[in-house]
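To start, the structure under review is shown below, and the notes come after it.
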Amino acid sequence: MVTLPQPSGGFRWVQLPAGVALICEALEPLAGHLFTSRAWRLGDRTADSSDGWLEVARALQVGVNQVRRLRQVHEADAVTYKKGERGPEIPQADIVLTDDPTLAIVVQTADCIPILIVDRRTSSVAAAHAGWRGLAAHVPHVAVEKMAAEFDSRREDLVVAIGPAIGACCYEVGADVRERFAQARFSPAALARWFHPGPLTLPANPPMRSLLPERRQDRWFFDGWTCAREQLESAGVPRAQIFSADLCTGSHEPFFCSYRRDGAVAGRMAAVIRPRPSRR
749 MVTLPQPSGG FRWVQLPAGV ALICEALEPL AGHLFTSRAW RLGDRTADSS
799 DGWLEVARAL QVGVNQVRRL RQVHEADAVT YKKGERGPEI PQADIVLTDD
849 PTLAIVVQTA DCIPILIVDR RTSSVAAAHA GWRGLAAHVP HVAVEKMAAE
899 FDSRREDLVV AIGPAIGACC YEVGADVRER FAQARFSPAA LARWFHPGPL
949 TLPANPPMRS LLPERRQDRW FFDGWTCARE QLESAGVPRA QIFSADLCTG
999 SHEPFFCSYR RDGAVAGRMA AVIRPRPSRR
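The numbering of the sequence shown is my numbering, which starts it at 749 and goes up by one.
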(Lines of atoms letter the chains of each structure in order from A and count residues from 1; the text may use other names and numbers.)
(Lines give C-alpha, C1' and ligand atoms only; values in the text may rest on other atoms or scores of the structure.)
Protein backbone atom coordinates (compact mmCIF):
# COMPACT_ATOMS: atom_id res chain seq x y z
CA MET A 1 0.00 0.00 0.00
CA VAL A 2 1.44 3.37 -1.04
CA THR A 3 1.60 5.94 1.76
CA LEU A 4 0.17 9.33 0.90
CA PRO A 5 2.53 12.28 1.45
CA GLN A 6 1.52 14.24 4.51
CA PRO A 7 0.37 17.83 3.98
CA SER A 8 0.59 20.54 6.61
CA GLY A 9 -1.77 20.32 9.54
CA GLY A 10 -4.41 22.49 7.86
CA PHE A 11 -5.11 19.94 5.08
CA ARG A 12 -6.22 16.35 4.81
CA TRP A 13 -6.68 13.72 2.13
CA VAL A 14 -10.14 12.50 1.17
CA GLN A 15 -11.04 9.50 -0.98
CA LEU A 16 -13.51 10.30 -3.76
CA PRO A 17 -14.75 8.12 -6.64
CA ALA A 18 -12.27 9.73 -9.06
CA GLY A 19 -9.31 9.38 -6.70
CA VAL A 20 -7.73 10.99 -3.66
CA ALA A 21 -7.93 14.75 -3.23
CA LEU A 22 -6.83 17.35 -0.72
CA ILE A 23 -9.14 19.67 1.17
CA CYS A 24 -8.31 22.56 3.49
CA GLU A 25 -10.04 22.10 6.83
CA ALA A 26 -10.47 25.86 7.38
CA LEU A 27 -12.25 26.23 4.02
CA GLU A 28 -14.38 23.10 4.39
CA PRO A 29 -17.27 24.66 6.34
CA LEU A 30 -17.23 27.78 4.15
CA ALA A 31 -17.10 26.51 0.55
CA GLY A 32 -17.12 23.25 -1.37
CA HIS A 33 -13.61 22.77 -2.75
CA LEU A 34 -10.78 20.36 -3.46
CA PHE A 35 -7.35 19.96 -5.00
CA THR A 36 -7.24 16.90 -7.27
CA SER A 37 -4.32 14.49 -7.50
CA ARG A 38 -2.61 12.68 -10.36
CA ALA A 39 -5.05 9.78 -9.98
CA TRP A 40 -7.86 11.84 -11.48
CA ARG A 41 -8.46 11.62 -15.23
CA LEU A 42 -7.05 15.13 -15.72
CA GLY A 43 -3.77 13.76 -14.37
CA ASP A 44 -3.37 11.60 -17.49
CA ARG A 45 -2.26 13.71 -20.46
CA THR A 46 -3.71 11.14 -22.89
CA ALA A 47 -7.16 10.95 -21.26
CA ASP A 48 -10.35 12.46 -22.60
CA SER A 49 -10.49 15.90 -20.98
CA SER A 50 -14.30 15.99 -21.07
CA ASP A 51 -14.38 12.91 -18.85
CA GLY A 52 -11.89 14.60 -16.52
CA TRP A 53 -14.08 17.66 -16.14
CA LEU A 54 -17.09 15.46 -15.55
CA GLU A 55 -15.27 13.97 -12.55
CA VAL A 56 -14.56 17.45 -11.20
CA ALA A 57 -18.17 18.54 -11.71
CA ARG A 58 -19.52 15.47 -9.91
CA ALA A 59 -17.17 16.02 -6.97
CA LEU A 60 -18.54 19.57 -6.53
CA GLN A 61 -22.13 18.45 -7.21
CA VAL A 62 -22.70 20.66 -10.26
CA GLY A 63 -23.30 19.95 -13.91
CA VAL A 64 -20.25 19.87 -16.14
CA ASN A 65 -21.55 23.01 -17.90
CA GLN A 66 -21.49 24.79 -14.53
CA VAL A 67 -17.71 24.38 -14.17
CA ARG A 68 -16.07 27.67 -15.14
CA ARG A 69 -12.59 27.13 -16.57
CA LEU A 70 -9.90 29.51 -17.85
CA ARG A 71 -7.43 29.73 -20.69
CA GLN A 72 -4.46 30.43 -18.46
CA VAL A 73 -1.66 32.64 -19.79
CA HIS A 74 0.62 33.25 -16.76
CA GLU A 75 -0.52 36.84 -16.21
CA ALA A 76 -2.79 38.54 -13.65
CA ASP A 77 -6.05 39.16 -15.53
CA ALA A 78 -9.27 38.21 -13.75
CA VAL A 79 -12.82 37.30 -14.77
CA THR A 80 -15.90 37.46 -12.56
CA TYR A 81 -19.13 35.45 -12.74
CA LYS A 82 -21.88 37.16 -10.75
CA LYS A 83 -25.25 35.69 -9.90
CA GLY A 84 -27.59 35.92 -12.86
CA GLU A 85 -24.83 36.76 -15.36
CA ARG A 86 -23.69 34.20 -17.91
CA GLY A 87 -20.17 35.51 -18.58
CA PRO A 88 -17.64 34.20 -21.13
CA GLU A 89 -17.26 30.48 -21.80
CA ILE A 90 -13.49 29.92 -21.36
CA PRO A 91 -11.91 33.38 -20.95
CA GLN A 92 -8.22 34.20 -21.07
CA ALA A 93 -7.34 34.86 -17.42
CA ASP A 94 -5.50 33.44 -14.43
CA ILE A 95 -7.91 34.54 -11.70
CA VAL A 96 -11.63 33.70 -11.54
CA LEU A 97 -14.24 34.87 -9.01
CA THR A 98 -17.90 34.14 -8.32
CA ASP A 99 -20.69 34.59 -5.80
CA ASP A 100 -22.98 32.13 -7.62
CA PRO A 101 -23.49 28.89 -5.65
CA THR A 102 -24.64 27.10 -8.83
CA LEU A 103 -21.12 27.44 -10.28
CA ALA A 104 -17.77 25.84 -9.54
CA ILE A 105 -14.69 27.80 -10.60
CA VAL A 106 -11.39 26.13 -11.33
CA VAL A 107 -7.72 26.59 -12.22
CA GLN A 108 -5.35 23.93 -13.55
CA THR A 109 -1.76 23.37 -12.44
CA ALA A 110 1.20 21.06 -12.94
CA ASP A 111 3.79 22.83 -10.71
CA CYS A 112 2.30 26.34 -10.54
CA ILE A 113 0.62 27.47 -7.33
CA PRO A 114 -3.16 27.00 -7.02
CA ILE A 115 -4.84 29.47 -4.65
CA LEU A 116 -8.42 29.18 -3.40
CA ILE A 117 -10.04 32.05 -1.49
CA VAL A 118 -13.38 32.31 0.31
CA ASP A 119 -15.02 35.29 1.99
CA ARG A 120 -16.57 33.92 5.17
CA ARG A 121 -18.95 36.92 5.36
CA THR A 122 -20.34 37.02 1.81
CA SER A 123 -19.55 33.42 0.71
CA SER A 124 -17.98 34.72 -2.53
CA VAL A 125 -14.93 32.79 -3.73
CA ALA A 126 -11.91 33.04 -6.01
CA ALA A 127 -9.44 30.67 -7.64
CA ALA A 128 -6.04 31.81 -8.90
CA HIS A 129 -3.21 30.23 -10.91
CA ALA A 130 0.29 31.55 -10.18
CA GLY A 131 3.54 30.25 -11.61
CA TRP A 132 6.65 32.34 -11.21
CA ARG A 133 5.43 34.74 -13.91
CA GLY A 134 2.10 35.11 -12.16
CA LEU A 135 3.79 35.69 -8.82
CA ALA A 136 6.01 38.34 -10.42
CA ALA A 137 2.78 39.89 -11.76
CA HIS A 138 1.35 39.99 -8.18
CA VAL A 139 -1.44 37.42 -8.79
CA PRO A 140 -2.13 36.76 -5.05
CA HIS A 141 -2.39 40.49 -4.34
CA VAL A 142 -4.55 41.09 -7.41
CA ALA A 143 -6.92 38.27 -6.43
CA VAL A 144 -7.50 39.85 -3.01
CA GLU A 145 -8.02 43.29 -4.57
CA LYS A 146 -10.56 41.83 -7.01
CA MET A 147 -12.49 40.20 -4.16
CA ALA A 148 -12.73 43.60 -2.50
CA ALA A 149 -13.72 45.39 -5.71
CA GLU A 150 -16.24 42.85 -7.01
CA PHE A 151 -17.88 41.61 -3.79
CA ASP A 152 -17.02 44.24 -1.18
CA SER A 153 -14.91 41.67 0.63
CA ARG A 154 -13.09 42.75 3.76
CA ARG A 155 -9.58 41.39 3.86
CA GLU A 156 -9.96 40.22 7.44
CA ASP A 157 -12.82 37.96 6.33
CA LEU A 158 -10.83 36.09 3.68
CA VAL A 159 -9.59 32.53 4.21
CA VAL A 160 -7.03 31.17 1.75
CA ALA A 161 -5.76 27.71 0.80
CA ILE A 162 -2.54 27.22 -1.19
CA GLY A 163 -2.44 23.78 -2.79
CA PRO A 164 0.43 21.52 -3.90
CA ALA A 165 3.05 23.18 -6.13
CA ILE A 166 6.72 22.77 -6.88
CA GLY A 167 8.83 23.74 -3.88
CA ALA A 168 12.26 25.21 -3.28
CA CYS A 169 13.51 21.66 -2.72
CA CYS A 170 13.26 21.10 -6.49
CA TYR A 171 12.53 24.32 -8.39
CA GLU A 172 15.77 25.60 -9.89
CA VAL A 173 15.47 28.81 -11.94
CA GLY A 174 17.81 31.13 -13.79
CA ALA A 175 19.01 34.60 -12.88
CA ASP A 176 16.45 36.01 -15.33
CA VAL A 177 13.62 34.87 -13.06
CA ARG A 178 15.09 36.61 -10.03
CA GLU A 179 15.67 39.72 -12.13
CA ARG A 180 12.01 39.75 -13.18
CA PHE A 181 11.00 40.00 -9.52
CA ALA A 182 13.52 42.78 -8.96
CA GLN A 183 12.05 44.65 -11.93
CA ALA A 184 8.59 44.18 -10.39
CA ARG A 185 9.89 46.21 -7.41
CA PHE A 186 9.86 43.51 -4.80
CA SER A 187 12.31 44.42 -2.05
CA PRO A 188 15.84 42.99 -1.80
CA ALA A 189 14.82 41.47 1.54
CA ALA A 190 11.88 39.68 -0.11
CA LEU A 191 14.13 38.37 -2.89
CA ALA A 192 16.52 37.01 -0.27
CA ARG A 193 13.65 35.07 1.34
CA TRP A 194 12.32 33.69 -1.94
CA PHE A 195 15.50 32.84 -3.87
CA HIS A 196 18.09 30.45 -2.42
CA PRO A 197 21.52 29.45 -3.78
CA GLY A 198 20.82 25.76 -3.15
CA PRO A 199 17.79 23.50 -2.72
CA LEU A 200 15.99 23.75 0.60
CA THR A 201 15.87 20.63 2.72
CA LEU A 202 12.19 19.92 3.32
CA PRO A 203 11.61 16.67 5.27
CA ALA A 204 8.19 16.03 3.68
CA ASN A 205 9.51 16.68 0.16
CA PRO A 206 12.56 14.76 -1.11
CA PRO A 207 14.46 16.15 -4.11
CA MET A 208 12.95 14.97 -7.40
CA ARG A 209 14.92 12.31 -9.21
CA SER A 210 15.95 14.58 -12.12
CA LEU A 211 17.48 17.27 -9.90
CA LEU A 212 21.18 17.65 -10.73
CA PRO A 213 23.48 17.20 -7.71
CA GLU A 214 25.93 19.92 -8.73
CA ARG A 215 25.10 23.60 -8.31
CA ARG A 216 25.39 25.91 -11.31
CA GLN A 217 26.41 29.56 -11.42
CA ASP A 218 23.60 32.13 -11.52
CA ARG A 219 20.96 29.57 -10.60
CA TRP A 220 18.49 29.87 -7.75
CA PHE A 221 15.90 27.74 -5.98
CA PHE A 222 12.62 29.61 -5.87
CA ASP A 223 10.27 29.42 -2.86
CA GLY A 224 6.91 30.22 -4.45
CA TRP A 225 4.99 29.11 -1.36
CA THR A 226 6.58 31.84 0.78
CA CYS A 227 6.24 34.36 -2.03
CA ALA A 228 2.49 33.66 -2.32
CA ARG A 229 1.91 33.77 1.44
CA GLU A 230 3.75 37.05 1.82
CA GLN A 231 1.87 38.65 -1.07
CA LEU A 232 -1.43 37.59 0.52
CA GLU A 233 -0.34 39.06 3.83
CA SER A 234 0.75 42.30 2.18
CA ALA A 235 -2.73 42.48 0.60
CA GLY A 236 -4.24 42.38 4.10
CA VAL A 237 -5.17 38.73 4.64
CA PRO A 238 -4.37 37.76 8.25
CA ARG A 239 -1.49 35.30 8.47
CA ALA A 240 -3.56 32.92 10.61
CA GLN A 241 -6.09 32.64 7.76
CA ILE A 242 -3.59 31.54 5.10
CA PHE A 243 -3.07 27.78 4.83
CA SER A 244 -0.53 26.01 2.63
CA ALA A 245 -0.38 22.29 1.93
CA ASP A 246 3.44 22.51 1.64
CA LEU A 247 3.60 19.51 -0.67
CA CYS A 248 5.95 19.63 -3.66
CA THR A 249 4.60 18.38 -6.97
CA GLY A 250 8.10 17.53 -8.18
CA SER A 251 8.87 15.41 -5.11
CA HIS A 252 5.89 13.06 -5.15
CA GLU A 253 5.65 11.48 -8.58
CA PRO A 254 2.88 8.94 -7.82
CA PHE A 255 0.55 11.63 -6.51
CA PHE A 256 1.08 14.91 -8.36
CA CYS A 257 1.54 16.12 -11.92
CA SER A 258 4.75 18.06 -12.55
CA TYR A 259 5.75 19.75 -15.78
CA ARG A 260 9.29 20.34 -14.50
CA ARG A 261 9.70 16.63 -13.74
CA ASP A 262 7.77 15.04 -16.64
CA GLY A 263 7.80 17.64 -19.43
CA ALA A 264 5.11 17.85 -22.10
CA VAL A 265 3.54 14.50 -21.15
CA ALA A 266 2.60 15.83 -17.71
CA GLY A 267 -1.11 15.81 -16.92
CA ARG A 268 -2.88 18.50 -14.98
CA MET A 269 -4.51 18.89 -11.58
CA ALA A 270 -7.51 21.01 -10.72
CA ALA A 271 -8.10 23.39 -7.82
CA VAL A 272 -11.85 23.96 -7.69
CA ILE A 273 -14.17 25.86 -5.38
CA ARG A 274 -17.92 26.49 -5.19
CA PRO A 275 -19.69 29.07 -2.99
CA ARG A 276 -22.09 27.88 -0.38
CA PRO A 277 -25.42 29.75 -0.27
CA SER A 278 -24.95 33.09 1.47
CA ARG A 279 -26.10 33.30 5.07
CA ARG A 280 -26.77 37.04 4.80
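Note that CB positions come from ideal geometry on N, CA and C, so glycine has one too.
Because the structure is a prediction, the values reported are computed rather than measured.
As assigned by DSSP and simplified to three states, the class of residue i
| i | result |
| --- | --- |
| serine 992 | strand |
| tryptophan 942 | helix |
| proline 1023 | strand |
| aspartate 924 | helix |
| valine 810 | coil |
| cysteine 975 | helix |
| phenylalanine 934 | coil |
| alanine 885 | coil |
| glycine 780 | strand |
| arginine 1028 | At arginine 1028 the pLDDT is 49, less than 50, meaning the model places this residue with poor confidence and gives no usable figure here. |
| aspartate 1010 | helix |
Minimum C-alpha distance to residue i - residue among the options
| i | options | result |
| --- | --- | --- |
| glycine 915 | Ala1018, Cys772 and Ser992 | Ser992 |
| phenylalanine 899 | Thr784, Leu818, Gln809 and Lys831 | Lys831 |
| proline 986 | Asp905, Ile910 and Phe943 | Asp905 |
| glycine 757 | Trp801, Ala824 and Ile990 | Ile990 |
| histidine 781 | Asp847, Ala807, Gln965 and Val892 | Ala807 |
| tryptophan 880 | Ala841, Gly811, Glu823 and Arg957 | Glu823 |
| isoleucine 690 | Asp792, Arg834 and Val821 | One cannot answer for residue 690 here, as it falls past the ends of the chain, which runs 749 to 1028. |
| arginine 817 | Gln965, Pro1023, Pro1025 and Ala1019 | Ala1019 |
| phenylalanine 934 | Val908, Ile910, His889 and Lys894 | His889 |
| aspartate 825 | Arg834, Leu845, Arg1009 and Val812 | Leu845 |
| alanine 795 | Arg1016, Pro1023, Arg1024 and Arg1022 | Arg1016 |
Sequence-distant residues of the same chain with beta carbon closer than 6 Å to residue i, five excluded per side
| i | result |
| --- | --- |
| aspartate 799 | Arg789 |
| alanine 884 | Arg928, Phe929 and Ala932 |
| glycine 882 | His822 and Asp842 |
Residues near residue i in its chain [Cβ-Cβ closer than 7 Å; skip 5 each side]
| i | result |
| --- | --- |
| proline 836 | Val827 |
| valine 815 | Trp801, Val804, Ala805, Ala852 and Val854 |
| tyrosine 1007 | Ala858, Asp859 and Ala1014 |
8 Å Cβ shell around residue i - same chain, five flanking residues per side excluded
| i | result |
| --- | --- |
| arginine 963 | Pro945 and Gly946 |
| threonine 850 | Val810 and Gln814 |
Residues that residue i bridges to, as DSSP identifies them
| i | result |
| --- | --- |
| glycine 911 | For glycine 911, which the question treats as bridged, DSSP gives no partner whatsoever. |
| tryptophan 761 | Leu770 |
| valine 866 | Val873 and Val907 |
| methionine 895 | In the DSSP output, where bridge partners are listed per residue, methionine 895 has none listed. |
| tyrosine 829 | Thr846 |
| tryptophan 801 | Tryptophan 801 pairs with nothing; no bridge assigned. |
Within-7 Å CB hit, residue i to chain C
| i | result |
| --- | --- |
| proline 961 | You won't find chain C in this structure, because it holds only one protein chain. |
(message) Check whether the stretch 995-1003 and the stretch 942-960 touch, using three or more Cβ-Cβ pairs below 8 Å as the test.
(response) Yes, the stretch 995-1003 is in contact with the stretch 942-960.
(message) Using a Cβ distance threshold of 8 Å, determine whether the stretch 972-981 contacts the stretch 999-1019, with at least three qualifying pairs required.
(response) Counting C-beta pairs with one atom in each stretch, the stretch 972-981 and the stretch 999-1019 have fewer than three that are closer than 8 Å, which means they do not touch.
(message) Under 8 Å: do the stretch 920-931 and the stretch 865-873 share three or more Cβ pairs, one atom per stretch?
(response) The stretch 920-931 vs the stretch 865-873: no contact.
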